[in-house]
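Enquirer: Here it is: the structure, laid out below.
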Amino acid sequence: MEFTVIDYSIFALLLVLSSAIGLFYALSGDRQRTVQEFLLANRNMGCLPVALSLLATFQSAVAILGAPGEIYRFGTEYWFLGCSYFLGLLIPAHIFVPVFYRLRITSTYEYLELRFNKTVRVFGTITFIFQMVIYMGVVLYAPALALNAVTGFDLWSAVLTMGLVCTLYTTLGGLKAVIWTDVFQTLVMFAGQLAVIVVGAQRVGGMARVWRLAEQAGKISGIDLNPDPFERHTFWTLAVGGVFMMLSLYGVNQAQVQRYLSARSEREAKLSCYAVFPCQQIVLCLSCLTGLVMFVYDQEHPLAQHPSSSDQLVLYFVMDVLRDLPGLPGLFVACLFSGSLSTISSAFNSLATVTMEDLVRPHCPGLSESRATLLSKLLALGYGLLCLGMAYVSSMLGPVLQAAISIFGMVGGPLLGLFCLGMFFPCANPTGAVVGLLAGLAMAFWVGIGSLVSSVGAAPPPNGTALTPVGNLTTALASTLLAPTPAPERPKGLQKFYSLSYMWYSAHNSTTVILVGLLVSLITGPTPAAAVDPRTIYPVLPRLLCCLPHKYRQRLCCGVAFPAQDTDHADAAVKSNGMSNGVANGLAHPGRREEEEGQGYVRMAGAPTYALQETSF
């Protein structure tokens, strides 16, 4: 199918408006002259734009193409993933967001130094950079490749245009431009998917008929309560395993935490988590309905060409359904690349942030504000150009591309485990944190790559892991691992181990980090209670076991004394202390510097002092 002038015009309008938003914020306000404005939007964003940006960050083009293909092939069981969204967003809102927000950090990995030491911070930062650099080129190249195969849309023109436009507005406008372009691009994604559903359903007799025919064909799934973790999709793998996947995205990922920290108050940051919940449900419903409409349409109007993969199947369907409606194919292409833009711009900004705050500033303490801001912009520009280079590398990977895509999903679980180890277990020490992280990464790559290698050349069975990337980004990239080779008998030994459902990867790998980290910490000596800043700890066990006597709950705190405070009224406490942008309970105001004395941080400006001694690894 050839694109018309109207289609190209709509696609070009997306790029022009995205660039215009970046230029607007580059020339307005303080013109991105400070690091806080460039990286954190001056901590002055409202909950609604932050929520839509949180949604758009990991609603990539891979997911837009993958989720309908999942429903088309395997039915609506994937829809139960929505059950995981409740806890997957409630836990970050009440545990991770308050801890990160009150510490007034810029990079998530600053927390690791405050809780452990610089070594753990650097390990976490390098792991995150490796994860993001590998995937950002793939997430730009893969949708362009699928689009080129179906529509003839020029591959490298699309890659270069998207990459350069994204680099432009991210470098000029900072996080504020990224957030507001995310809002615009989210609306475009909604419009594109809605257009496909409405037109497709109308051509097959309406949504009621779509549902009825899908039900007759066995595509409407019931609740499967099979507890077997080796089954690809059951209620438990989606509703429980999905919680850990959501926590790795919305709890500790730098791209998401950076948006929480840009909110004007802790309350606004929490509200943004709540607001994401209905938005995520809408996105999931749109994807599932698209898959059902696609299935019924294909039954009544078989495609002339048989696609080689299910992501191409979505594009063939869209182009066939919208072929007589000028402009709508262009709208869906704009929808597709809005997903890429929002994801890649978040990657640029978060990578620039962690590189600046975790690798540059600690080694250049005398760096002036203007130089730091300029360097942050250059880092964003550099990562943008690196993304184009990674897209070119992706084009040369061939079969290895599957493994490269899968790396993102492998790394998310161990990073979640590292933060949970530090936040929930006061006895954990730096040595345990580093060894636990390395053990979690080793386990993740062992299971992931083992699953891939053991099934090369095999077609996925009905309950196996499909090639189709589905759901949000972690699901999308983790689920590209191939399934075990179908055989009459069930797999045994390592083959059985490799057939673990990808939805349990985050839970399995994060648990490995926690268990190994705790074991090593107990062997090498737990962290003394006096060396732990209580604001880096969330006493999850004492609160869950609130029925225990007080003395036993104190033992669960490992001797750490927690200040009495109501987390829901932290912002009120801040304002009552005359600090509109400060932190409750005495943490330093962001305008005042934290000074290093000896080997640890010492909070100044009258705050309670916590010397965090660094333990050599």
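If you use the working numbering, the sequence shown corresponds to residues 5 to 621, in order.
Idealized CB from N, CA, C, for every residue including glycine.
None of the values given here were measured: they were computed from a predicted structure.
1) For W184, collect the residues of the same chain with a Cβ closer than 6 Å to its Cβ; drop the 5 residues on either side in sequence, then sort them by chain order.
2) Pick out whichever of V536, A432, M166 and V143 has its Cα sitting closest to the Cα of A338.
3) Is it the case that the Cβ atoms of I668 and A218 are separated by a distance below 8 Å?
4) Tell me which same chain residues have a C-beta within less than 7 Å of the C-beta of V214, skipping the five on either side of it?
5) Enumerated in chain order, which unbroken segments of the alpha helix (DSSP H) with a length of 4 residues or greater are wholly contained in the stretch 266-305?
6) Looking at the unbroken alpha helix (DSSP H) that takes in S252, where does it start and where does it end?
7) Can you list, in chain order, the residues of its chain whose CB lies under 8 Å from that of L242, leaving out five sequence neighbours each side?
8) Who are the near neighbours of A45 in its chain, counting only those whose CB is closer than 8 Å to its CB and skipping five residues on each side?
9) Measure from the alpha carbon of V397 to the alpha carbon of each residue in V143, Y105 and L19, then state which is nearest.
10) Check whether the Cβ atoms of S350 and T61 sit closer than 8 Å, and answer yes or no.
11) Considering only residues of the same chain and omitting the five flanking positions on each side of G92, which have a CB-CB separation below 7 Å?
12) Taking the alpha helix (DSSP H) that V337 belongs to, which residues open and close that run?
13) With the cut-off set at 8 Å, would you say L425 and G440 are in Cβ contact?
14) Quick check for students: name the residue ranges of the alpha helix (DSSP H) that lie wholly in the stretch 177-259, counting only runs of 4 or more.
15) Out of P102, V318, A443 and L383, which one is the CA nearest neighbour of Y76?
16) Looking at V39: is its Cβ nearer than 8 Å to the Cβ of S269?
17) Rounded to whole angstroms, what's the CA-CA distance from S346 to Q558? Just pull it up for me.
18) Buried or exposed, going by whether 16 or more other CB atoms sit within 10 Å of the CB of R236?
19) Tell me, which residues are paired with M662 by DSSP?
20) Can you name, in chain order, every residue of its own chain whose Cβ lies under 7 Å from the Cβ of F239, other than the five neighbours on each side?
21) Under DSSP, the alpha helix (DSSP H) around N513 begins and ends at which residues?
22) Check Y113 in the structure and name its three-state DSSP category.
23) With a CB to CB cut of under 8 Å and the five nearest residues on each side skipped, what residues in its chain are close to V244?
24) Roughly how many whole angstroms lie between the Cα atoms of K500 and L523?
25) Which class does R108 belong to by DSSP, given the choice of helix, strand or coil?
26) Please report the Cβ distance between E272 and G50, rounded to the nearest whole angstrom; I am assuming they are in contact, meaning their Cβ atoms lie under 8 Å.
27) Do you know offhand how far F104's Cα is from G436's?
28) Within 10 angstroms of the Cβ of F352, are there 16 or more other Cβ atoms? Answer buried if so, exposed if not.
29) For A65, which residues of its own chain have a beta-carbon under 6 Å away from its beta-carbon, when the five flanking residues on both sides are left out?
30) Between which two residues does the alpha helix (DSSP H) containing L27 stretch?
31) Since I believe A279 is in contact with L52 (beta carbons under 8 Å), could you give me their beta-carbon distance rounded to a whole number of angstroms?
32) Taking buried to mean at least 16 other C-beta atoms within 10 Å of its own C-beta, is A16 buried or exposed?
33) Between which two residues does the alpha helix (DSSP H) harbouring F429 extend?
34) Taking 7 Å as the line, does the beta carbon of T241 fall inside it for any heavy atom of the ligand SAM?
Expert: On the basis of the data shown:
1) Only I25 meet the Cβ criterion.
2) M166
3) This structure cannot settle anything about residue 668, because the visible part of the chain is limited to 5 through 621.
4) Closer than 7 Å at the Cβ level, and outside the excluded window around V214, lie A205, V208, L296, V297 and V300.
5) 270-304
6) G245 to Y254
7) Within the same chain, L242 has close Cβ partners E81, Y82, F84, L85, C87, S88 and M507.
8) G178, L179, K180, I183 and S266
9) V143
10) yes
11) G246, V247, M250, L251 and Y254
12) L332 to V358
13) yes
14) Complete alpha helix (DSSP H) runs here, min 4: 211-220, 239-243 and 245-254.
15) V318
16) no
17) 45 Å
18) buried
19) Because the chain spans 5 through 621 in this model, residue 662 falls outside it and cannot be assessed.
20) Once the five neighbours on either side are set aside, the close Cβ partners of F239 are F84, I227, D228 and L229.
21) Taken as a continuous stretch (DSSP letters only), the alpha helix (DSSP H) holding N513 covers Y509 to T528.
22) coil
23) S88 and A511
24) When rounded, the distance between both Cα atoms is 27 Å.
25) coil
26) 6 Å
27) 22 Å
28) buried
29) P147, L340, G343 and S344
30) V9 to L31
31) About 6 Å separates the CB atoms of L52 and A279; that is less than 8 Å, so the two are in contact.
32) exposed
33) Careful: F429 lies outside any alpha helix (DSSP H) and carries neither H nor E.
34) In the structure on display, the ligand SAM does not appear, and there are no ligands present to speak of.
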